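Here the structure comes first, spelled out in structure tokens, and everything after it is commentary.
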Ligand SMILES: [Fe+2]
């Protein structure tokens, strides 16, 4: 497999994982989290549930800020050709994908998105590391 093929594979995996997580995250908004079976800590990871990546939550869980009708996402993760953040995705409570941004190793893993006018509710941000999988953080608008 060439480096180019691998990169395409990672992008595809990230897109599939983000789509799958969007469904899970939205279900989690409506369901009793304690009673529902959770993919957190096994299929995706969070600051609270880092699973197999315990100790890596500080550099992988996306930091989400909501201000002035915008959502800003930052992953405080080093970027190199071997190890980098591949993609951010932001999903609203009803499952709407607000936006996404792919990153190259030379990029800073930062993105921002305009919220729908007067949006109120949960916001789910994902960040995908090429070595440490998919991470999810939530915020409230
Ligand atoms: Fe990583």
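Residue numbers (this note's numbering): 984 to 1124.
Backbone N, C-alpha and C define an ideal beta-carbon position, used for all residues, glycine too.
In this text the structure is predicted, and so the values were computed from the model without any measurement.
By the CB criterion at 9 Å, residue 1043 and residue 1060 fall inside the cutoff.
Boundaries of the alpha helix (DSSP H) harbouring residue 1041: 1040-1043, taken from the DSSP string.
Assignment of residue 1082 by DSSP, reduced to helix, strand and coil, places it in the strand class. Only exposed fits residue 1099, as fewer than 16 other CB atoms lie within 10 angstroms of its CB. For residue 1042, the shortest C-beta to heavy atom distance toward ligand 1 is below 8 Å. Under the DSSP assignment, residue 1046 falls in the beta strand (DSSP E) whose first and last residues are 1046-1050. Residue nearest to residue 1105 within the set 1079, 1086 and 1092 is 1079 (criterion: CA-CA distance).
According to the DSSP secondary-structure assignment, residue 1026 is paired through a beta bridge with no residue.
Distance check between residue 1057 and each of 1124, 1117, 1110 and 1123 places 1110 closest, using alpha-carbon atoms only. Taking one beta carbon from each stretch, the stretch 1029-1049 and the stretch 1113-1123 have 3 or more pairs nearer than 8 Å; the two touch.
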